Ligand SMILES: C[S@@+](CC[C@H](N)C(=O)[O-])C[C@H]1O[C@@H](n2cnc3c(N)ncnc32)[C@H](O)[C@@H]1O
């Protein structure tokens, strides 16, 4: 039996990162049917957990490198590993890894070593003494590497020693029994993908970007959302609340043609003016240099979006306007971050009215299987997340019942002490009867 391949997720965005991995894998391998079974033992903790978590044991339908390439295209995925051990289940493998002899480990890990300690998640705050103590826990495995000759200029393999740190999460408040801790011995599989999602996020970081505003979405979250919408080359993406274009830029970076609308005409206008935001290392002249909305696209070598200045989603003509902007063609995806707080009241719609309108717009504008991905803030604290989620889900389904838009995924994470941020993935599914009627027209 081949050794299992597993994936490790970064400690942010909660359950969304699992959905992202699934969405990207489906996008990249539409010909392969994957049986998704997130590892029961190592799940998120009400969104936004800390420390490494091994989530999914991956199928061998794809090679390890293919999985690593998929992982590299996800924002929430830290790396793809192969467990160096054999067994029926992941747990068996982990147990068996602990039983491997030094010789067996050395056989599996040829060539060279240097020690580079990386602590993920909350482990970052450890003092040098505490770090050393942590490393000593791995003594047995490390001793196996002592005997190897080292060519540091040409390393070929990497050994990661991971400890499950989830006890650092809200263990005081949790009623669940403390999680068992394992030491994992894994081989990281290097992706061959030239540009990773992390690199795209770094390129379009808002500290470097030409044009920003008070609501500009961080590049990594924007890419995560575009991934959730399965944006890819030759797709068309609409953001009807585009603001300073965070989501349009992310979608364009993934190869999409973009259309953005916003009620704020001034923001989208092409006039150049200095932005009153502090300078940063990537943008030392910010505050003095004059920039316009589309400069962010030009500097990243992206085509500028089609912009609908002053487009109010509430207007009865809005749907036509969005359609005209895409040569009367339906869209592959709508990716958006509707207004909240003061801006929500400016939009004169509460969050459910907003969702209902987005449902109507998506129903009219999306292709079959097209995706609507959006964020919403809802009242509630992290401890109540499970309860809040259930109720929210019922409300969403009620609001969207008139439309052919179905909830595919919903994840909640902490926004502040009183509110949770929901990421919603919705899919347009044309019912068979409607499809037939359409086809016969
Ligand atoms: C949270 S911001 C979007 C931020 C954006 N993702 C970015 O990266 O800058 C919401 C935007 O919705 C716009 N807006 C508010 N009400 C609107 C409406 N009725 N129709 C269209 N846009 C609206 C606001 O002007 C604001 O730019």
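In the numbering used here, the protein residues as written are 729 to 1169.
Ideal Cβ placement from N, Cα and C applies to all residues, glycine included.
Remember, predicted model here, so these are calculated numbers, not experimental data.
Between residue 1028 and residue 977 the beta-carbon gap is near 7 Å, inside 8 Å, which marks them as a contact.
One Cα belongs to residue 1157, the other to residue 855, and the distance between them is close to 53 Å. Contact between residue 1115 and residue 1152 is ruled out by a C-beta separation of about 18 Å, above the 8 Å threshold. Nearest to residue 1064 by alpha-carbon distance, out of 1096, 943, 1130, is 943. When secondary structure is reduced to three states using DSSP, residue 750 falls in the helix class. In the DSSP secondary-structure assignment, residue 939 is not bridged to any residue. Between the C-alpha atoms of residue 986 and residue 917 there is a straight-line separation of about 34 Å.
Cβ contact annotation for residue 1143 (same chain, cutoff 7 Å, sequence separation greater than five): 1105, 1149, in chain order. In the assembly as shown, residue 764 is an exposed residue. Its beta-carbon has fewer than 16 other beta-carbons within 10 Å. Of the candidates 1000, 1128, 1111, 1128 places its Cα closest to the Cα of residue 1088. Looking at 734, 1034, 1155, the one whose alpha-carbon comes closest to that of residue 1138 is 1155.
Between the C-alpha atoms of residue 808 and residue 980 there is a straight-line separation of about 26 Å.
Counting only runs of 3 or more residues that sit fully inside the segment 949-974, the beta strand (DSSP E) segments are 964-967, in chain order. Remark: the shortest separation between the CB of residue 1039 and any heavy atom of ligand 1 falls under 7 Å.
With respect to residue 810, residue 922 sits apart: the two C-beta atoms are not nearer than 8 Å.
Apart from sequence neighbours up to five positions away, the residues of its chain that approach residue 1035 with a beta-carbon distance below 6 Å are 988, 996, ordered along the chain. In the three-state DSSP reduction, residue 786 falls in the strand class (E or B). By the 16-neighbour rule on beta-carbons within 10 angstroms, residue 1146 is exposed. Relative to the non-hydrogen atoms of ligand 1, the Cβ of residue 1086 never comes closer than 7 Å to any of them. In this structure, DSSP gives residue 1034 an extended state, which the three-state scheme calls strand. Residue 990 is bridged by DSSP to 1037.
Counting along the chain, residue 1097 sits inside the beta strand (DSSP E) bounded by residues 1094-1107. Listed in chain order, the non-local C-beta contacts of residue 938 below 6 Å within the same chain comprise 1019, 1023, 1024, 1027, local neighbours out to five positions each way being set aside.
Residue 1057 carries a coil assignment under DSSP once its states are collapsed to helix, strand and coil.
With 16 or more other CB atoms across the displayed protein chains lying within 10 angstroms of its CB, residue 804 is buried. In the three-state scheme derived from DSSP, where H, G and I count as helix and E and B as strand, residue 1008 is classed as strand. Between residue 974 and residue 1009, the C-beta spacing is not below 8 Å.
For residue 1053, the CB stays at least 7 Å from every heavy atom of ligand 1. DSSP places residue 1151 in the strand class (E or B) of the three-state scheme. With contacts defined as CB atoms closer than 8 Å, residue 1133 and residue 1092 fail to qualify as a contacting pair. Beta-bridge partners assigned by DSSP to residue 1135: 1154. Under the DSSP assignment, residue 737 falls in the beta strand (DSSP E) whose first and last residues are 733-737. Setting aside the 5 residues that flank it on each side, residue 1079 is surrounded in the same chain by 1104, each with a C-beta closer than 6 Å to its C-beta; the list follows chain order.
In this structure, 964 is the residue among 964, 798, 734, 929 with its C-alpha nearest to the C-alpha of residue 1058.
By the Cβ neighbour-count rule, residue 1001 is exposed, with fewer than 16 other Cβ atoms within 10 Å of its own.
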